[in-house]
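Here it is, written out as structure tokens:
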């Protein structure tokens, strides 16, 4: 029981050490990975724990990103408020999309989420005069500070990403260990039986979609504020598939899998792109290999081979 | 009040519908028989266009001849790739729904990258096999585009005959209705699946050969047709070929008209939203029968 919590705290401590000790290039990568891992953790709550294979999470990430970015540039909001708007926008949009998509299941659910996200992406392009479309826009450095805390500084960026990541990680750990987490897994394993036991699958799944979307939106807003760029490509289909890949690689239904998957994939594409420009090939091959030979991912495989306590 | 541009929009819509119908029938066939949602279907179309470009460039002869050669070669090559993918990947996943979606996404990236590396990032044009113009009182219209519509109709008719009148079609339909019973009757279901997957991909490649003189070959060109084909297949009812044809006509024409008078983006937004709503509120499609 406490072994698990200790492991999570060790991981957080190691990440903190990384931010202070690593050279700037890798520390920035680490900050990026942690923000993307928050996105992946949200995805994991829906896909890994509740069995909702969504192909539209980029829409929630982009919602958070644009809520924060446009809030600052058009609304003149302070950075703190923009960061709060992220999870709210992502969560609200996920609730709306979920209310529609959850009336279907399985393959239809995947396609409905895919189509809704595609409509969202096209909508961003349609309003190119405001959103700057595919090209995107840059948030000026002066706008990216909370009080005196300048988010564009290397160390501050790492610390903020770490804080967001830690909050997300501990929240998801608490969530999956709570009663509600058990119900989520019950929905994944046998929806009919859990319905018979008196749970309403629709409300449970809708709540999970909302939480998952809030994670994605928070990650999107943080990405905009920390790295200063907002663009439509974060709402494209490819960006819905990446969290699926990260979660599959790290281990679906494990709390640390999203971080592991996002980090490994980040450095895998980074290393591959220094040898060849064919980094899409790496993504495609990783998906194929995972689904063929290791459907449980790294941590899932470890959990099967003895580390049963891994949450 | 007759607006000649409305006629032009309708003509363009009909051409879109013809290409779309070919692409979507392949997707629908694969889903109907194998229950596989093939996300890489658009890449098969793209691959067909690339093969057509290579044939047009490296096979000597007048454009009409090379184009006719591409009509034969591209579906064969692409069908072969698809059969290989079926054997190496899909069969090993036992055609399980979620696994095959993830796998075909992987396949999509690999095919795109392969073409990007081998063929390059540029768009390349293929000369139309003939360039007659058909004159109307208001505008001239490409005769080739009308030929595309005719050819697509011919191919679709052939597919329909194949599915309803031939023994292979009968076996495919039997497998679609009950895989285990088909196997009990001694049908080699594995071979049927490989054949269906190849046939679906071949139809996409055929659509590509028709399309490529109008729109250039490019490694990302499969993206939009894939989404459009999904739209059509879902609105027509997953697995229903007749519904697919009606939906292709509907979507093609409305796409032509909306893009003409408003914006192509708006047409796409409306179509994708419409699909999502159809799947939610009428999962059997507008023309399909309840499963």
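Residue numbers (our numbering), protein chains in the order written: chain D, 929 to 1239; chain A, 918 to 1208. Note that CB positions come from ideal geometry on N, CA and C, so glycine has one too. Fair warning: this is a prediction, and the values are worked out from it, not measured in the lab.
Chain D partners of residue i, CB-CB under 7 Å?
{"i": "residue 1201 of chain A", "result": "What residue 1201 of chain A touches in chain D: nothing, since even the nearest Cβ is about 11 Å away."}
{"i": "residue 1185 of chain A", "result": "1050"}
{"i": "residue 1147 of chain A", "result": "1039"}
{"i": "residue 1214 of chain A", "result": "Any answer about residue 1214 of chain A is impossible in this case: the structure gives chain A only from 918 up to 1208."}
{"i": "residue 1030 of chain A", "result": "1206, 1208, 1209 and 1212"}
{"i": "residue 1104 of chain A", "result": "Here the premise fails: no neighbours, minimum Cβ distance about 25 Å."}
In chain D, what lies closer than 8 Å to residue i by C-beta?
{"i": "residue 1009 of chain A", "result": "1220"}
{"i": "residue 1182 of chain A", "result": "1050, 1053 and 1054"}
{"i": "residue 954 of chain A", "result": "1035, 1038 and 1039"}
{"i": "residue 1168 of chain A", "result": "Going along chain D, no residue has its Cβ under 8 Å from residue 1168 of chain A, so there is no contact; the nearest lies around 13 Å."}
{"i": "residue 1175 of chain A", "result": "What residue 1175 of chain A touches in chain D: nothing, since even the nearest Cβ is about 13 Å away."}
For residue i, write down the residues that DSSP places opposite it in a beta bridge.
{"i": "residue 1058 of chain A", "result": "A:1051"}
{"i": "residue 1157 of chain D", "result": "D:1066"}
{"i": "residue 1074 of chain D", "result": "D:1077"}
{"i": "residue 1134 of chain A", "result": "A:1041"}
Quick one: is residue i buried, meaning 16 or more other Cβ sit within 10 Å of its Cβ, or exposed?
{"i": "residue 1107 of chain D", "result": "exposed"}
{"i": "residue 1125 of chain D", "result": "exposed"}
{"i": "residue 1174 of chain D", "result": "buried"}
{"i": "residue 1050 of chain A", "result": "exposed"}
{"i": "residue 1076 of chain A", "result": "buried"}
{"i": "residue 921 of chain A", "result": "exposed"}
{"i": "residue 1107 of chain A", "result": "exposed"}
{"i": "residue 929 of chain A", "result": "buried"}
{"i": "residue 1036 of chain A", "result": "buried"}
{"i": "residue 1055 of chain A", "result": "exposed"}
{"i": "residue 960 of chain A", "result": "buried"}
{"i": "residue 982 of chain A", "result": "exposed"}
{"i": "residue 1133 of chain D", "result": "buried"}
{"i": "residue 1098 of chain A", "result": "exposed"}
{"i": "residue 970 of chain A", "result": "buried"}
What residues in its chain sit with their C-beta under 7 Å from that of residue i, if we drop five residues either side in the sequence?
{"i": "residue 1100 of chain D", "result": "969, 973 and 1183"}
{"i": "residue 1208 of chain A", "result": "Bear in mind that a pLDDT of 44 at residue 1208 of chain A, under 50, signals an unreliable position, so the number given afterwards is only what the model happens to contain. Taken in chain order, the residues that qualify are 1201."}
{"i": "residue 1032 of chain D", "result": "1040"}
{"i": "residue 1109 of chain A", "result": "1088, 1089 and 1092"}
{"i": "residue 933 of chain D", "result": "none"}
{"i": "residue 1025 of chain A", "result": "956, 957 and 960"}
What does residue i reach in chain A if we use C-beta pairs closer than 7 Å?
{"i": "residue 1038 of chain D", "result": "1018"}
{"i": "residue 1069 of chain D", "result": "Those within 7 Å of residue 1069 of chain D in chain A number zero; the least Cβ separation is about 33 Å."}
{"i": "residue 1043 of chain D", "result": "1189, 1192 and 1193"}
{"i": "residue 1031 of chain D", "result": "1197"}
{"i": "residue 1046 of chain D", "result": "1144 and 1189"}
Residue i touches chain A at which residues, Cβ-Cβ below 9 Å?
{"i": "residue 1115 of chain D", "result": "Ordered by position in chain A, no residue passes the 9 Å Cβ test against residue 1115 of chain D, which lies about 15 Å from the chain."}
{"i": "residue 1160 of chain D", "result": "Those do not exist, as residue 1160 of chain D stays about 12 Å from chain A at its closest Cβ, beyond 9 Å."}
{"i": "residue 1081 of chain D", "result": "In chain order: nothing, as chain A lies at least about 36 Å away."}
Would you grab the beta carbon distance between residue i and residue j for me? Rounded to a whole angstrom, and I think it's under 8 Å.
{"i": "residue 1156 of chain D", "j": "residue 1066 of chain D", "result": "6 Å"}
{"i": "residue 1122 of chain A", "j": "residue 962 of chain A", "result": "7 Å"}
{"i": "residue 941 of chain A", "j": "residue 1165 of chain A", "result": "5 Å"}
{"i": "residue 1194 of chain D", "j": "residue 961 of chain D", "result": "5 Å"}
{"i": "residue 1178 of chain D", "j": "residue 1218 of chain D", "result": "Wrong, their Cβ atoms sit about 10 Å apart, outside the cutoff."}
{"i": "residue 967 of chain D", "j": "residue 1144 of chain D", "result": "5 Å"}
{"i": "residue 1215 of chain D", "j": "residue 989 of chain A", "result": "So it is not a contact: roughly 33 Å between Cβ atoms."}
{"i": "residue 1138 of chain D", "j": "residue 1019 of chain D", "result": "5 Å"}
{"i": "residue 1131 of chain A", "j": "residue 935 of chain A", "result": "At roughly 11 Å, the Cβ-Cβ gap does not stay under 8 Å, so residue 1131 of chain A and residue 935 of chain A are not in contact."}
Just to confirm my understanding: we take residue i, look at its own chain, exclude 5 residues before and 5 after, and list those with CB closer than 6 Å. What are they?
{"i": "residue 1079 of chain A", "result": "1086"}
{"i": "residue 1119 of chain D", "result": "1129"}
{"i": "residue 1169 of chain D", "result": "none"}
{"i": "residue 1074 of chain D", "result": "1007 and 1008"}
Using a Cβ-Cβ cutoff of less than 8 Å, which residues in the same chain neighbour residue i once the five nearest sequence positions on both sides are dropped?
{"i": "residue 1028 of chain D", "result": "1040 and 1044"}
{"i": "residue 938 of chain A", "result": "1069, 1073, 1149, 1161, 1162, 1165, 1166 and 1169"}
{"i": "residue 985 of chain A", "result": "1046"}
{"i": "residue 1078 of chain D", "result": "1069, 1072 and 1084"}
Strictly below 9 Å CB to CB, what residues from chain D border residue i?
{"i": "residue 1093 of chain A", "result": "Per Cβ cutoff of 9 Å: no residues; residue 1093 of chain A is ~16 Å from chain D at best."}
{"i": "residue 1006 of chain A", "result": "1216, 1219 and 1220"}
Identify the contact partners of residue i in chain A, using a Cβ-Cβ distance below 8 Å as the criterion.
{"i": "residue 1169 of chain D", "result": "1022"}
{"i": "residue 1211 of chain D", "result": "1023 and 1026"}
{"i": "residue 1215 of chain D", "result": "1019, 1020, 1022, 1023 and 1026"}
{"i": "residue 1177 of chain D", "result": "Result: empty, since nearest Cβ-Cβ is about 12 Å, beyond 8 Å."}
Residues of the segment 1012-1027 of chain D with Cβ closer than 7 Å to any Cβ of chain C, in chain order = Checking the listed chains, one finds no chain C in this structure; the protein chains it contains are D and A.
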